[in-house]
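A short worksheet on the structure shown next.
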Amino acid sequence: MTTRTRFAPSPTGHVHIGNMRAAIFNWLYARHTGGQFLLRVEDTDRERSTPEAIKTLLEAMDWLGLNVDEAPLYQSARMDAHLAAAEKLLATGHAYKEDKGGTGQGECIIFKMPGTDIEFTDLVKGALKKPAADMADFVIVRSNGTPVFHLANVLDDIEQKITHVIRGDDHVENTFRHIALYKALGAPVPQFAHLPMIINAQGKPYSKRDGDAFVGDFQSKGFFGDALFNYLALLGWSPGDEREVMTRQEMIDAFDLVTVRSSPAQMDLRKLLWMNGEYMRAMKPADFAALCRKELAAAGIGIEGRATSPTEPRSCETARSERLAPPINSESAGNAAVFALMQERTKLPSEIVSAAAFFFSDDFAYDDKAVEKKLSKPEVFQTLEKIAGILENLEKFDAETVNKALHDFVEQGGLKFGDVMPPLRIAVSGQQSGPDLAPVLAILGKENVLVRIRKTIARFS
RNA sequence: GACCCCUUCGUUCAGCGGUUAGGACACUAGGUUUUCAUCCUGGUAACACGGGUUCGAUUCCCGUAGGGGUCGCCA
857 MTTRTRFAPS PTGHVHIGNM RAAIFNWLYA RHTGGQFLLR VEDTDRERST PEAIKTLLEA
917 MDWLGLNVDE APLYQSARMD AHLAAAEKLL ATGHAYKEDK GGTGQGECII FKMPGTDIEF
977 TDLVKGALKK PAADMADFVI VRSNGTPVFH LANVLDDIEQ KITHVIRGDD HVENTFRHIA
1037 LYKALGAPVP QFAHLPMIIN AQGKPYSKRD GDAFVGDFQS KGFFGDALFN YLALLGWSPG
1097 DEREVMTRQE MIDAFDLVTV RSSPAQMDLR KLLWMNGEYM RAMKPADFAA LCRKELAAAG
1157 IGIEGRATSP TEPRSCETAR SERLAPPINS ESAGNAAVFA LMQERTKLPS EIVSAAAFFF
1217 SDDFAYDDKA VEKKLSKPEV FQTLEKIAGI LENLEKFDAE TVNKALHDFV EQGGLKFGDV
1277 MPPLRIAVSG QQSGPDLAPV LAILGKENVL VRIRKTIARF S
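Be aware that the first sequence starts at 857, since it is given in the working numbering, and climbs by one per residue.
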């Protein structure tokens, strides 16, 4: 018998990270066992289950690569079947009608617990047992005629032939009731695996106020679906060895439910960030370049020529002449060099713009603190002037040549690197930190570097 | 309150009767670098507590404490 797992969320417009981890474990288990992974949309709450909410859900799954093997089952379409089953339970004596609480709202249908102890072996928590005395009968159809979660959930799992119910810890108590339902319905009881919750630093369920709690939050911040998947898979599970950054296939191969931990786990956004950086570095240069282009374009920075600033049209010749020399040439080699420099030091796409914009725009902003700290003494400007002179006379302007020229300058002048490099970096980039300076200068090109140095001198001396 | 579950470095995952208790993130000290980041080499840091069982417990059992979950005509 092939395994069939499912993700059964109720669409609310947001997909909680804890829910998504349950989906990931379901997916991983189905793939590991060569079975099927299904989706059931529990959309009986018509208020919240809007088309947009369902779309959000589907997009989140798609983003994380959680492909399903069959068309989703929409619970709202199953009401007749649920009600019919309730009638059957009534007919077989497993349920009865009652005006519970005597509210006068009419009779609801109540499932009669069998009166025996119920036990099952949870795949992650082990043997679990509940005595008959601790379990009360429960409502399966409301007095308004609508089915309750327990009935609908079990019936749909039967309909979808689910063999392994992998879900959140908060459902363990329900499981005893569900097992009784399966038996009364004459259906085989599936295996259960209850996942511990994701908690915050206070040990409470991780929620929105603890930080990013929804899949969409991570997506919009630029995290990769694969990185989040990888991180979440490792929250409560490990392959048994010391691998952490793993491919999908490696995770599928190593996954198992019995090795899932049964204690709650806390989100560590810093480790997620680190992992995202690992995925960033593992990207193909071409893919990373495409990402850079996208980010820069979104920030209004054209990388094939001058900066494109919507507020500053550059058609006027006068305005043009006042601007700096053109930024680096638009040859793809130049861009590729920038991207290569960035790929080594970026963890989130959003960092690209702030760190690399100066390559493409002569309108880069100066870091006030850096200026105050490094460009305050008069002699700094003399030094910059000298450097400009030296660079201007260089025949070649590749990183190696530039690097040697700068080293020679420092040594012959009896200076310290700290007196020379930081001001120069600020002059050409506005920032006090960044990639190796020589390659940066080489990429910018001699003309740009000279103009930027002189503009800096003019502005701050 | 009742019932159930959980408890190894700050976080996370290993360990499944005998280990110098390991890896990763974070932190930190050096190295590399003009700087930040990357990278390399180190370091700090944990078995909640008390009883058993055993030649021997982080590992097994029982308590205690702490934390969490569930007790709806919500899902």
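The beta carbon of each residue, even a glycine, is placed where N, CA and C say it ideally should be. Remember, it's a predicted structure, so these values are computed and weren't measured experimentally.
Task: Buried or exposed by the 16-neighbour rule on C-beta atoms within 10 Å, applied to Pro1044 - done: exposed
Open item on the list: Judging by CA-CA distance, which residue of Arg1104, Thr1031, Pro928 is the nearest neighbour of Gln892?
Closed with: Pro928
TODO: Compare the C-alpha of Asp1292 against each of Leu1280, Asn1086, Ile873 and name the closest.
DONE: Leu1280
Task: CB of Glu1338 within 8 Å of CB of Lys985, strictly - done: With the chain covering only 857 through 1317, there is no way to say anything about residue 1338.
Task: 6 Å CB neighbourhood of Leu1007 in its chain, flanking five on each side removed - done: His938, Ile996
Task: Buried or exposed (CB count within 10 angstroms, at least 16 for buried), Phe1220 - done: buried
TODO: Measuring alpha carbon to alpha carbon, tell me which of Thr1019, Thr1202, Ala1314 ends up nearest Thr889.
DONE: Thr1019
TODO: Within the same chain, show all residues whose beta-carbon is closer than 8 Å to that of Glu1115, passing over the 5 residues directly before and after it, in chain order.
DONE: Going by the sequence as given, residue 1115 is Thr instead of Glu. Trp1093, Ser1094, Gly1096, listed in sequence order.
- [ ] Count the other C-beta atoms from every protein chain shown that fall within 10 angstroms of the C-beta of Gly1286, then say buried if there are 16 or more, exposed otherwise.
- [x] buried
Task: Cβ-based neighbour list, Lys1230, same chain, cut-off 8 Å, excluding 5 preceding and 5 following - done: Val1236, Pro1278, Pro1279, Ile1282, Gln1288
Task: Separation of Glu1134 from Pro865, as counted between CA atoms - done: 31 Å
- [ ] Express the C-alpha separation of Tyr930 and Thr1167 in angstroms, rounding to a whole number.
- [x] With a pLDDT of 33 at Thr1167, under the threshold of 50, the modelled position of that residue is not reliable, and no figure is offered here.
Task: Delimiting residues of the beta strand (DSSP E) encompassing Lys1260 - done: Looking at the DSSP string, Lys1260 is not in any beta strand (DSSP E); the run it does join, the alpha helix (DSSP H), is 1255-1268.
Task: His1050 beta carbon less than 8 Å from that of Asp1112 - done: no
TODO: Compare the C-alpha of Ala988 against each of Gly1001, Thr948, Ala1036 and name the closest.
DONE: Ala1036
Open item on the list: Please state the DSSP three-state secondary structure of Leu950.
Closed with: Residue 950 is actually His in this sequence, not Leu. Of the three classes helix, strand and coil, the one that applies to His950 here is coil, per DSSP.
Task: Alpha-carbon spacing of Pro1003 relative to Thr1031, whole angstroms - done: 18 Å
TODO: Look at the alpha carbon of Glu1098 and the alpha carbon of Met1131, and state the distance between them as a whole number of angstroms.
DONE: 15 Å
- [ ] Measure the Cβ-Cβ separation of Arg1310 and Ala1244 and say whether it is below 8 Å.
- [x] yes
Open item on the list: Tell me which residues share the same chain as Ser1171 and place their Cβ nearer than 7 Å to its Cβ, disregarding the 5 neighbours each side in the sequence.
Closed with: A caution first: Ser1171 carries a pLDDT of 32, below 50, which makes its placement in the model too unreliable to give a value.
Open item on the list: If distances are taken between C-alpha atoms only, which option among Lys1039, Met1139, Glu1029 comes closest to Ala1083?
Closed with: Met1139
Task: Proximity winner among Leu922, Leu913, Asp901, relative to Met935 (alpha-carbon distances) - done: Asp901
Open item on the list: Given a cut-off of 8 Å on the beta-carbon distance, is the pair Met1053 and Pro1120 in contact?
Closed with: yes
- [ ] Find out if the Cβ-Cβ distance for the pair Ala951, Ala942 is shorter than 8 Å.
- [x] yes
Task: Cα-Cα separation between Asp1124 and Glu1256, rounded to whole angstroms - done: 41 Å
Task: Asn1009, buried or exposed, once every other Cβ within 10 Å from all chains shown has been counted against 16 - done: buried
TODO: Note down the Cα distance separating Glu926 from Leu920, rounded to an integer number of angstroms.
DONE: 17 Å
Task: Assigned exposure category for Pro800 - 16 Cβ within 10 Å defines buried - done: No answer is possible for residue 800: it lies beyond the span of the chain, which begins at 857 and ends at 1317.
Task: Whole-angstrom C-beta distance between Arg862 and Asn882, which should lie under 8 Å - done: 6 Å
TODO: Whole angstroms is fine: what's the gap from Arg1308's alpha carbon to Lys1077's?
DONE: 33 Å
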